[in-house]
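Asker: The structure that follows is given in the form of structure tokens.
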Amino acid sequence: MNLGYTIRASQVMVRHPVQGVERVRGRIDRRRDLRDLAGLGTSVSDFYGAVADWAPRLHALLDLPWPCPAVADFERVWDGIVADLSSAGVRVGIRSYGGWNDGDKAFAEAIWCIILHRRPGKVVETGVAHGLTTRVVLEALERNGCGHLWSIDLPAVDSALHSEIGMAIPQHRRHRWTYVPGTARQRLPALLDKLTGIDVFIHDSLHTGRNQMFELESAWSAMRDGAVAVVDDIDHSLAFRTFVDRGEQRRWLAARHVTGPGLAVESGLWGLVVKDREALAPSRRRPRPGRAAVSDIRDNQHYRALRPLMSTGTARDTRHVRIELAVTREIARAVRLRAPSGARILQIQAHHGQETLLLRDQLDRPDRPVIYDQEDARDAEARAGTQFEQVDFESAAFPASGGVFDVVVWNRNLVTLKNAVPALREARRVLRPGGLLVLAVPNLAALHNRVLLLAGRQPTTLHIDNGDHVRGFASGSMTRFLERDLEFRVVQITGVGIAPVTGAVLPRPFRGIGHTVVWVLQKPGGTTPGRSQPATAGLHSAGV
Ligand SMILES: C[S@@+](CC[C@H](N)C(=O)[O-])C[C@H]1O[C@@H](n2cnc3c(N)ncnc32)[C@H](O)[C@@H]1O
Ligand SMILES: [Zn+2]
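The sequence shown lines up with residues -16 to 527 when you count with my numbering.
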């Protein structure tokens, strides 16, 4: 770091202390994001179900025809911008403005199409640097003959770079542009208040999860029906996915960069989310058999059917049902987030089958789910919606040939089998390589069981004569067994509930004492079941 830089940066920090705090905070947040990404248990690209063929999918998402004639024009515009910058002596690409990258070409092309097709009146972006995306927006607005762009941008900490801000934007393209210096946190809320309704939002500023979430939440409340948000570098954190899963009717896709590496993946990722106008006008809503939002899980008719089926009405029972329902929601959430569209689901020991129907409802274009059970206890609805095979889990092999299911779900009843391990091996055998086992098992090492044992009492997970729980599995040992002996890759472990206090999903450090543990396990080999493989994967409608 040279002395000139240190002096210039210090001056900027002293002159703008609030911005300085945000810059420092960004570095701290980045570390947390990296920890979250490392703990994901899957690649961030799979987590997002990122696609390479984003262009037709984007047009499908916006109900636009494909191929799109605007794409050829974009090539010319992009080449022109790169040529302009090069002739001004600026190297276009990675780390070209301080530590920041210039806009990615695919990201810019998506913005080009969105602006041309949507013909927005008000566009807001964060992060300008040399201004590649800014120029693309302004070129498209010019072509539309309407609209205005507001760009919030924190000038580089090195004031020597300030003359480079917006270099890609020639004077004759600036009449539709307002540059707003400062951090998004300082400037975005007031700007959005002033604009009262925006049509397109573009995030390309500080890519920490905290800042991305702040910008998305702020912009979302100002976005009109049908408005689009485009977010760069979503692979830097889990924020974009958390955001799109959080609310209802957020149709989205995640795509790969073409020009830049990512923070934790080979190529960077960007995302797009549409504020679904159909969701706000139910009369115009297309029937969408696709996956339900996780907030919809509680509203799902099959989920609602579970409570009365589980409960006998005593207070102890009510507390227990709360935990069991939370476990069901975790399983449904895992299936929704991670199963590919068109997935073949097998549920083991599904009883009446309502939970299987709930899981089916989480999938795009679901195949008919299969249930294996000792006897057919399905209700009429489940009989109509599922396929059944009778299986003696204690002694017989599973009927399916190897590698046929994308997802196997086994909730809670493993504790009823003396020969649990051969049955688990069978569950693994029928999974395709890359397929997922979602396994929920009451935890022998749960806090309440530890307390009971300390008091010399029987843990509830193991029955003497009043129930059918014959096996006990302690969370940590079971995880090791699943990994080492059964050779699963652990994608996620969740602890649910502390009996009798709460049915909540526990923070990570406490998952080992949860009442029930939910494992999401992947059979090695093949492709990871993200949502990127089958036909409609990559287009999502969601909400957690
Ligand atoms: C990746 S660059 C933008 C690239 C640009 N969109 C393009 O296409 O060339 C990120 C920009 O955001 C600015 N920035 C950093 N932190 C910010 C914050 N908290 N709020 C707003 N802008 C920020 C950086 O100074 C930099 O100019
Ligand atoms: Zn287009």
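We treat Cβ as the ideally placed atom computed from N, Cα and C, and that holds for glycine.
As the structure is a computational prediction, the values presented were derived from the model and not from experiment.
1) On the DSSP bridge list, what partners appear for T109?
2) Please go through the same chain and pick out, in chain order, the residues whose beta-carbon is closer than 6 Å to the beta-carbon of F223, but skip the five residues on each side of it.
3) By Cβ distance, which residues of its chain are closer than 6 Å to L20, with the 5 residues on each side in sequence left out?
4) What residues in its chain sit with their C-beta under 6 Å from that of V453, if we drop five residues either side in the sequence?
5) Return helix, strand or coil for T499, following the three-state DSSP convention.
6) Do I98 and V106 have their C-beta atoms closer together than 8 Å?
7) Thinking C-beta only, is A423 closer than 8 Å to V304?
8) Taking only the alpha-carbon atoms, compute the straight-line gap between R15 and P492 and give it to the nearest angstrom.
9) How should H158 be labelled, buried or exposed, when 16 other C-beta atoms within 10 angstroms of its C-beta is the threshold for buried?
10) Excluding five sequence neighbours on each side, which residues of the same chain lie with their C-beta closer than 6 Å to the C-beta of H431?
11) Compute the Euclidean distance between the alpha carbons of L(-14) and G81, then round it to the nearest angstrom.
12) Check whether the Cβ of A53 sits closer than 7 Å to any heavy atom of ligand 2, and report yes or no.
13) By Cβ distance, which residues of its chain are closer than 6 Å to W49, with the 5 residues on each side in sequence left out?
14) Could you tell me if G521 is buried or exposed, where buried requires 16 or more neighbouring beta carbons within 10 angstroms of its beta carbon?
15) Tell me which residues share the same chain as Y286 and place their Cβ nearer than 6 Å to its Cβ, disregarding the 5 neighbours each side in the sequence.
16) Going by beta carbon distance, what residues of the same chain come within less than 6 Å of G130, once the five residues before and after it are set aside?
17) Can you give me the C-alpha to C-alpha distance between L47 and H100, rounded to a whole angstrom?
18) Quick check on A264: buried or exposed, where buried means 16 or more other Cβ atoms within 10 Å of its Cβ?
19) When we look at the beta-carbon of R321 and count the other beta-carbons within 10 Å, is it buried (16 or more) or exposed?
20) Might you give, ordered along the chain, the residues of its own chain that have their beta carbon closer than 6 Å to the beta carbon of R348, omitting 5 neighbours on each side?
21) The alpha helix (DSSP H) with G9 in it runs from where to where?
22) Do I314 and G480 have their C-beta atoms closer together than 8 Å?
23) Could you say which of Q337, R327 and I328 lies nearest to L308 if we only look at CA atoms?
24) For ligand 1, is there any heavy atom lying closer than 7 Å to the beta carbon of R40?
25) Going by beta carbon distance, what residues of the same chain come within less than 6 Å of V391, once the five residues before and after it are set aside?
26) Under 8 Å, with one C-beta from each stretch per pair, do the stretch 140 to 159 and the stretch 108 to 124 reach the 3-pair mark?
27) By the 10 Å Cβ neighbour count, where 16 or more other Cβ atoms means buried, how is T161 classified, buried or exposed?
28) Any heavy atom of ligand 2 closer than 7 Å to the CB of L255?
29) Threshold first: 4 residues or longer. Then list the alpha helix (DSSP H) segments lying entirely within the stretch 194 to 250, N to C.
30) Return the chain-ordered ranges of every beta strand (DSSP E) run that is complete within the stretch 334 to 362 and spans a minimum of 3 residues.
31) Who pairs with R472 in a beta bridge, going by DSSP?
32) Alpha carbon to alpha carbon, what distance is there between L137 and Q2?
33) Closer than 7 Å to a non-hydrogen atom of ligand 1 - does that hold for the CB of H113?
34) Would you mind listing the alpha helix (DSSP H) stretches within the stretch 363 to 412 that are 4+ residues and don't spill past its ends, in chain order?
35) Quick one: measure Cβ to Cβ for P507 and R472, integer angstroms, because I've assumed they're closer than 8 Å.
36) By how many angstroms is the C-alpha of N84 removed from the C-alpha of Y(-12)?
Answerer: According to the structure shown:
1) Numbered from its first residue, the sequence shown carries residue 109 at position 126. Answer is I135 and H186.
2) Taking the sequence shown and counting its residues from 1, one reaches residue 223 at position 240. Cβ neighbours of F223 beyond the five flanking positions: V214, I217 and G254.
3) In the sequence shown, counting from the first residue as 1, residue 20 sits at position 37. Cβ within range, chain order: V27 and A247.
4) Numbered from its first residue, the sequence shown carries residue 453 at position 470. Only K401 meet the Cβ criterion.
5) In the sequence shown, residue 499 corresponds to position 516, counting from 1. If DSSP states are grouped into helix, strand and coil, T499 belongs with the strands.
6) Indexing the sequence shown from 1 puts residue 98 at position 115. Indexing the sequence shown from 1 puts residue 106 at position 123. Yes, the Cβ-Cβ distance between I98 and V106 is below 8 Å.
7) Locating residue 304 in the sequence shown gives position 321, where the first residue counts as 1. Locating residue 423 in the sequence shown gives position 440, where the first residue counts as 1. Contact: no.
8) Here residue 15 is taken as the residue at index 32 of the sequence shown, counted from 1. Here residue 492 is taken as the residue at index 509 of the sequence shown, counted from 1. Each residue's Cα considered, the two are about 16 Å apart.
9) One-based indexing of the sequence shown puts residue 158 at position 175. When all chains shown are included, H158 counts as exposed.
10) In the sequence shown, the residue the question calls residue 431 occupies position 448. A482, listed in sequence order.
11) Here residue -14 refers to the residue found at position 3 of the sequence shown. Here residue 81 refers to the residue found at position 98 of the sequence shown. Taking the straight line from one Cα to the other gives about 16 Å.
12) Indexing the sequence shown from 1 puts residue 53 at position 70. Yes, ligand 2 has a heavy atom inside 7 Å of this Cβ.
13) Counting from 1 along the sequence shown, the entry for residue 49 is found at position 66. Within the same chain, W49 has close Cβ partners P39 and H42.
14) Residue mapping note: residue 521 aligns to position 538 of the sequence shown, counting from 1. At G521 the pLDDT is 43, less than 50, meaning the model places this residue with poor confidence and gives no usable figure here.
15) In the sequence shown, counting from the first residue as 1, residue 286 sits at position 303. So the qualifying residues of the chain are I280 and L341.
16) On the sequence shown, position 147 is the one that residue 130 refers to. For G130, where only same-chain residues beyond five positions count, the Cβ hits under 6 Å are P103, G104 and L124.
17) The count along the sequence shown starts at 1 and reaches residue 47 at position 64. The count along the sequence shown starts at 1 and reaches residue 100 at position 117. Answer to the nearest angstrom: the Cα atoms are 8 Å apart.
18) What you label residue 264 is simply residue 281 of the sequence shown in a count that begins at 1. Low confidence applies here, because A264 scores a pLDDT of 38, under 50, leaving its location unreliable; read the following figure in that light. A264 is exposed by the Cβ-count criterion.
19) Along the sequence shown, one-based indexing puts residue 321 at 338. Answer is buried; the Cβ neighbour count reaches 16.
20) As a first step, residue 348 must be located in the sequence shown, where it is residue number 365. Excluding residues within five positions, the ones whose Cβ falls inside 6 Å are S324 and G325.
21) Position 26 of the sequence shown holds residue 9. Here the alpha helix (DSSP H) through G9 covers P0 to A21.
22) The residue you call residue 314 lines up with position 331 of the sequence shown. The residue you call residue 480 lines up with position 497 of the sequence shown. In this structure, G480 does not lie closer than 8 Å to I314 by Cβ.
23) Position 325 of the sequence shown holds residue 308. If we check each option's Cα against that of L308, Q337 comes out closest.
24) For the purposes of this step, residue 40 is identified with residue 57 of the sequence shown, where counting begins at 1. False, no ligand heavy atom lies under 7 Å from that Cβ.
25) Along the sequence shown, one-based indexing puts residue 391 at 408. Counting only Cβ-Cβ distances below 6 Å, and skipping sequence neighbours, we find L329, A410, L414 and L420.
26) Counting Cβ pairs under 8 Å, three or more are found: they touch.
27) In the sequence shown, counting from the first residue as 1, residue 161 sits at position 178. Exposed.
28) Taking the sequence shown and counting its residues from 1, one reaches residue 255 at position 272. For ligand 2, not one heavy atom lies less than 7 Å from the Cβ of L255.
29) 222 to 229
30) 353 to 356
31) Counting from one through the sequence shown, the residue named residue 472 turns up at place 489. In the DSSP assignment, R472 is bridged to Q505.
32) Along the sequence shown, read from residue 1 onward, the residue named residue 2 stands at position 19. Along the sequence shown, read from residue 1 onward, the residue named residue 137 stands at position 154. Cα to Cα, the separation comes out at about 8 Å.
33) Looking up residue 113 in the sequence shown gives position 130. Result yes, Cβ under 7 Å from ligand 1.
34) 363 to 368
35) Against the sequence shown, residue 507 aligns to sequence position 524. Against the sequence shown, residue 472 aligns to sequence position 489. With a Cβ gap of about 6 Å, P507 and R472 count as contacting.
36) Here residue -12 refers to the residue found at position 5 of the sequence shown. Here residue 84 refers to the residue found at position 101 of the sequence shown. C-alpha separation (whole angstroms): 19 Å.
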